[in-house]
Amino acid sequence: MKTIILYYSRTKKTARVANTLAKEVSADIVEIEDLKKRSGPLNYINASVDAVRENKTNIKPQTVDLSEYGLVYIGTPVWAGKPAPAIITLIDKCDFQGKDVILFATLGGSGGRNTILRMKEKIEVRGGRMITSFLIKTAGKKTYEIEDEMKKTVEEMDLKIYGA
Numbered sequence: 001m002k003t004i005i006l007y008y009s010r011t012k013k014t015a016r017v018a019n020t021l022a023k024e025v026s027a028d029i030v031e032i033e034d035l036k037k038r039s040g041p042l043n044y045i046n047a048s049v050d051a052v053r054e055n056k057t058n059i060k061p062q063t064v065d066l067s068e069y070g071l072v073y074i075g076t077p078v079w080a081g082k083p084a085p086a087i088i089t090l091i092d093k094c095d096f097q098g099k100d101v102i103l104f105a106t107l108g109g110s111g112g113r114n115t116i117l118r119m120k121e122k123i124e125v126r127g128g129r130m131i132t133s134f135l136i137k138t139a140g141k142k143t144y145e146i147e148d149e150m151k152k153t154v155e156e157m158d159l160k161i162y163g164a
């Protein structure tokens, strides 16, 4: 069974988690780009409003063909207790019929559980089945600390068995 990781990352913290995870579980990986400008303090506030309202956004790629994958990881930063708009848009465009999905979120504070639950609901509507999830706290951590925490999570959750 092939494995793929789909993720969005504004500050590259979720990217660090996704890339470390991909190496650990031997997965293909696709970064989802939000074509709307999200950098800077004002755009971050606007992004949080978009997340709360679950506004769609233009993304690249617009969809991902999951037909050759049995296991799909989806990662997002937590914005105001919600998934990033790019991930909500992606989930709404992909066919998860019959796919096992592992969800993950990076966060600086709270809202991780709500983020995972919202993605789970949307995945189930699209025919997928969440088999587990995890959260990685990134606030104040250096790159190597984030990578080490991801490796520890892979080990503790025995994530390597899912794609075997």
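Counting in full-length UniProt numbering, the sequence shown runs from 1 upward without gaps.
Glycine included, every Cβ here is placed at the ideal spot set by N, Cα and C.
Remember, it's a predicted structure, so these values are computed and weren't measured experimentally.
Under the three-state reduction of DSSP, ARG129 is assigned to strand. In this structure, LEU71 sits away from TYR7, with a CB-CB distance that is not shorter than 8 Å. Apart from sequence neighbours up to five positions away, the residues of its chain that approach GLU33 with a beta-carbon distance below 6 Å are LYS60, ordered along the chain. The C-beta distance from TYR69 to ILE4 rounds to 5 Å, short enough to fall under 8 Å.
The criterion of a C-beta distance shorter than 8 Å is not satisfied by ASN55 and PRO77. With at least 16 other beta carbons inside 10 angstroms of its own, LEU66 counts as buried. Secondary-structure assignment with DSSP links TYR44 through no beta bridge to anything.
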